[in-house]
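Chains as they are written, first to last, in our numbering: chain B, 32 to 406; chain E, 59 to 336.
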């Protein structure tokens, strides 16, 4: 067991392998406030990658309604229950990670979902935390809540799937930090399915080996963002690379949003895997719930997010979401535009900070019609 | 694993390597029989001519993951040879016949292992200590009887519109076939439920490119009876020498799928002496 540094926990922790960080790390940010659970990402992923035999029920990307949606059933409450209550308050995590909480004979604390748990990807969809009194909808804020949580593999810095595999069939690419499962080497033991707390490794019962999200690596190698990102109609995602904690660049939109503005929060950081997908927390959800899911600092993140219109740098970075299929490595706010650049600093996108307004006369004399603002 | 646990594991391994043959059960005698090989019929009459040896099993606890609560603690083993083929018959009690894979369903398996090179650890060998492993897998035997399951055999109401291999050329469809497309040995079909492999320590198990072993299992009244057979003489480099007159070793491992035993979660034996009689 090695000691590795986990920046999300602000401390060192035990991990079965040496802590070697990749040159670049695949990362994604989701704005949960903009997600409408249309599942376009889910379908884009499905049609791109999981149309084969044995993948019929498999969703590498899914969107679930929180608090009562799960894929697979109960994945997070199950592992939270096994993990038990942990002390979690910044800037250093006092509780135990899943590696530190591993029972005797195991690499990591985990559990194998029942087969049926994968059968309800839409369970809890749009369910609120409770019912409302007659007329209560007219008062604000509403006392009941729900929100959508889109999920892919977190391509963790310290993957539990990788460490749990006794054959080392799972590896983390040094060039981009994408975690891949070798389809030739895997023997279908399902230790990864048991070990991954996010349950993002899935068993294919026809090929009899496990499979997982591949981070659209053929796209990434061609400087293109993932399918789930570029097809998102709500423009809620930004995919790029997060720098090593000691090499943060403020002109990298991922670094800026996660380390600079601190509005992108990791999913269940207390598990200790240093996941590399980040969430802008929903602004209307009780902070106790959000602290458990995204760690400390959610209140500050929401506060900063709400004031984005006052901060051109933050607003500019957020306008890059869904603006181009290309991966943005650098960005700059210049005058009335935010400009995204590729790794060689060539401009790939230019987004106006304020949407231009076009005024149209109400009466069209050529056609002799009155144009009304009806949609 | 902390350092103390690692040291304990290494100590266990070293002790097992040194004392295992002496601590083992009676010698397993592969008696000569007048029968034609391969010996892949577990219900053949000639097995009665071979003396039985009881092999004690312990949970694998040297490398993680462990499964301390193993289901099978004892095997009954017999061996025969006819100068060309060696046969091993393994019997153990198992209340459930598990020959089906789902996320939470694991298959019954049994393996016999022979040393090939150097003083090899009974625990799948060690670097420099090669072993030959013949593994029988219940689910793969079921494939041979019933055909490989498709999604509707596993989930009768599964919805399918079209598969890539129905509309693309074979070479183009391979990329969508996952492990099947790269000829993964647990995904691709075999002609025998016994897979011939080699290892040089845990995590190194590798399927041999040429398969010579065979076998078959019968489950009846809560007992598995599995025959495993391979040529007695070395056919390829890396094969064990099991020709008549040879004194060698054998070790065993069992997985009870119903107890979620898979991979390192298994029961295994130390080396026992194997005498291939002339």
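Here a beta-carbon is modelled for each residue, glycine too, at the ideal position from N, C-alpha and C.
### Message
I'd like to know whether the C-beta of residue 191(E) is nearer than 8 Å to at least one C-beta of chain B.
### Response
By one-based count along the second chain, residue 191(E) stands at place 133. No - not a single Cβ of chain B is within 8 Å of the one on residue 191(E).
### Assigned exposure category for residue 168(B) - 16 Cβ within 10 Å defines buried
Translated into the one-based positions of the first chain, residue 168(B) becomes position 137. So residue 168(B) counts as exposed.
### Query
If you compare alpha carbons, which of 192(B), 323(B), 137(B), 218(B) is closest to residue 115(B)?
Translated into positions along the first chain, residue 115(B) becomes position 84. Among 192(B), 323(B), 137(B), 218(B), the Cα nearest to that of residue 115(B) is on 323(B).
### Under the three-state DSSP convention, the category residue 375(B) falls into
Locating residue 375(B) in the first chain gives position 344, counting from the first residue. Secondary structure at residue 375(B): coil, using DSSP grouped into helix, strand and coil.
### Message
Assuming the contact rule is C-beta atoms closer than 8 Å, residue 237(E) and residue 217(B) should be a hit. Round their C-beta distance to whole Å, please.
### Response
Locating residue 237(E) in the second chain gives position 179, counting from the first residue. Locating residue 217(B) in the first chain gives position 186, counting from the first residue. Right, the Cβ-Cβ distance comes to about 7 Å (below 8 Å), so this counts as a contact.
### CB contact flag (residue 119(E), residue 226(B), <8 Å)
Residue numbering aside, residue 119(E) sits at position 61 when the second chain is read from its first letter. Residue numbering aside, residue 226(B) sits at position 195 when the first chain is read from its first letter. Contact flag unset, no.
### Task
Identify, in the order they occur along the chain, each residue of the same chain with its Cβ nearer than 6 Å to the Cβ of residue 315(B), setting aside the five sequence neighbours on each side.
Within the first chain, the letter at position 284 stands for residue 315(B). So the list reads 176, once near-sequence residues are dropped.
### Task
Rounded to whole angstroms, what's the CA-CA distance from residue 216(E) to residue 126(E)? Just pull it up for me.
Counting from one through the second chain, the residue named residue 216(E) turns up at place 158. Counting from one through the second chain, the residue named residue 126(E) turns up at place 68. Distance between the alpha carbons of residue 216(E) and residue 126(E): 37 Å.
### Query
In whole angstroms, what is the alpha-carbon distance linking residue 372(B) and residue 366(B)?
Counted from its first residue, the first chain places residue 372(B) at position 341. Counted from its first residue, the first chain places residue 366(B) at position 335. Residue 372(B) and residue 366(B): Cα-Cα distance of roughly 16 Å.
### Query
Exposed or buried, which one is residue 80(E) when buried takes at least 16 other CB atoms within 10 Å?
The residue you call residue 80(E) lines up with position 22 of the second chain. Any answer about residue 80(E) is weak, because its pLDDT of 42 lies below 50 and its placement is not dependable; what the coordinates show is given next. Flag for residue 80(E) reads exposed.
### Query
Who are the Cβ neighbours of residue 171(E) in its own chain at under 6 Å, not counting the five residues just before and after it?
Here the question's residue 171(E) lines up with position 113 in the second chain. Excluding residues within five positions, the ones whose Cβ falls inside 6 Å are 189, 191, 309.
### Query
Should the region 224–239 of chain B be regarded as contacting the region 325–332 of chain B, the criterion being three or more beta carbon pairs within less than 8 Å?
no
### Task
Give me the Cα-Cα distance between residue 180(B) and residue 94(B), rounded to the nearest whole angstrom.
Indexing the first chain from 1 puts residue 180(B) at position 149. Indexing the first chain from 1 puts residue 94(B) at position 63. Each residue's Cα considered, the two are about 5 Å apart.
### Task
Please state whether DSSP places residue 74(E) in a helix, a strand or coil.
Taking the second chain and counting its residues from 1, one reaches residue 74(E) at position 16. Unreliable positioning characterises residue 74(E) in this predicted model, as indicated by a pLDDT of 45, which lies under 50. The coordinate reading is nonetheless provided below. In the structure shown, the three-state DSSP call for residue 74(E) is helix.
### Query
Hey, out of 173(B), 152(B), 156(B), whose CA is closest to residue 162(B)'s CA?
On the first chain, residue 162(B) is found 131 positions in, with the first residue counted as 1. Closest by alpha carbon: 173(B).
### Query
Pick from 280(E), 303(E), 278(E): whose alpha carbon is nearest that of residue 345(E)?
The structure shown has nothing for residue 345(E), since chain E only spans 59 to 336.
### Task
May I ask you to report which of helix, strand or coil DSSP gives residue 236(E)?
As a working mapping, residue 236(E) is identified with position 178 in the second chain. Of the three classes helix, strand and coil, the one that applies to residue 236(E) here is helix, per DSSP.
### Task
Provide the residue span of the beta strand (DSSP E) that contains residue 281(E), from first to last.
The count along the second chain starts at 1 and reaches residue 281(E) at position 223. Residue 281(E) -> beta strand (DSSP E) spans 281–289.
### Query
Comparing alpha-carbon positions, which option in 334(E), 244(E), 328(E) lies nearest residue 194(E)?
Locating residue 194(E) in the second chain gives position 136, where the first residue counts as 1. Ranking the options by Cα distance to residue 194(E), first place goes to 244(E).
### Query
Nearest-angstrom Cα distance between residue 230(E) and residue 220(E)?
Locating residue 230(E) in the second chain gives position 172, where the first residue counts as 1. Locating residue 220(E) in the second chain gives position 162, where the first residue counts as 1. Each residue's alpha carbon lies about 15 Å from the other.
### Spatial neighbours of residue 331(E) in its chain, beta-carbon cut-off 6 Å, leaving aside the 5 residues before and after
Taking the second chain and counting its residues from 1, the one referred to as residue 331(E) is at position 273. Excluding residues within five positions, the ones whose Cβ falls inside 6 Å are 85.
### Task
Taking C-beta pairs closer than 7 Å, name the residues in chain E that residue 149(B) reaches, listed in chain order.
Here the question's residue 149(B) lines up with position 118 in the first chain. Within chain E, the residues near residue 149(B) are 161.
### Query
Taking one C-beta from the region 90–104 of chain B and one from the region 57–77 of chain B each time, how about it: are there three or more such pairs within less than 8 Å?
yes
### Message
Within 8 Å of any Cβ in chain E, is that where the Cβ of residue 236(B) sits?
### Response
The residue you call residue 236(B) lines up with position 205 of the first chain. True, the Cβ-Cβ gap to chain E drops below 8 Å.
### Query
Which bits of chain E does residue 342(B) rub up against, with CB to CB less than 9 Å?
Within the first chain, residue 342(B) is the residue found at index 311, counting from 1. Result: empty, since nearest Cβ-Cβ is about 45 Å, beyond 9 Å.
### Query
Counting pairs of beta carbons, one from the region 125–143 of chain E and one from the region 108–116 of chain E, are three or more of them closer than 8 Å?
Counting Cβ pairs under 8 Å, three or more are found: they touch.
### Query
Name the chain E residues that come within less than 7 Å of residue 333(B), Cβ to Cβ?
Counting from one through the first chain, the residue named residue 333(B) turns up at place 302. In chain order: nothing, as chain E lies at least about 37 Å away.
### Query
Can you tell me the Cα-Cα spacing of residue 223(E) and residue 235(B), whole angstroms?
Taking the second chain and counting its residues from 1, one reaches residue 223(E) at position 165. Taking the first chain and counting its residues from 1, one reaches residue 235(B) at position 204. Their backbone Cα atoms lie some 17 Å apart in a straight line.
### Query
For residue 49(B), which residues of its own chain have a beta-carbon under 8 Å away from its beta-carbon, when the five flanking residues on both sides are left out?
As a working mapping, residue 49(B) is identified with position 18 in the first chain. For residue 49(B), where only same-chain residues beyond five positions count, the Cβ hits under 8 Å are 33, 35.
### Task
Verify the CB distance criterion: does residue 157(E) have a CB-CB separation below 8 Å to chain B?
One-based indexing of the second chain puts residue 157(E) at position 99. False, the Cβ-Cβ gap to chain B never drops below 8 Å.
### Message
Can you tell me whether residue 300(B) is helix, strand or coil according to DSSP?
### Response
Taking the first chain and counting its residues from 1, the one referred to as residue 300(B) is at position 269. Helix at residue 300(B).
### Task
Check whether the Cβ atoms of residue 166(E) and residue 200(E) sit closer than 8 Å, and answer yes or no.
Counting from 1 along the second chain, the entry for residue 166(E) is found at position 108. Counting from 1 along the second chain, the entry for residue 200(E) is found at position 142. Taking 8 Å as the Cβ cut-off, residue 166(E) and residue 200(E) do not qualify as a contacting pair.
### Query
Can we say the region 81–89 of chain B touches the region 138–148 of chain B, given the rule of at least three CB pairs closer than 8 Å?
no
### Residue nearest to residue 163(E) in terms of C-alpha spacing, selected from 318(E), 336(E), 333(E)
Taking the first residue of the second chain as position 1, residue 163(E) is located at position 105. With distances taken between Cα atoms, residue 163(E) lies closest to 318(E).
### Query
Going along the region 140–166 of chain B in order, which residues come within less than 7 Å of chain E, judged by CB to CB distance?
Of all residues in the region 140–166 of chain B, those with a C-beta nearer than 7 Å to a C-beta of chain E are 143, 144, 145, 146, 149, reading in chain order.
### Rounded C-alpha distance that separates residue 307(E) from residue 154(E)
Counted from its first residue, the second chain places residue 307(E) at position 249. Counted from its first residue, the second chain places residue 154(E) at position 96. Cα-Cα distance, rounded: 30 Å.
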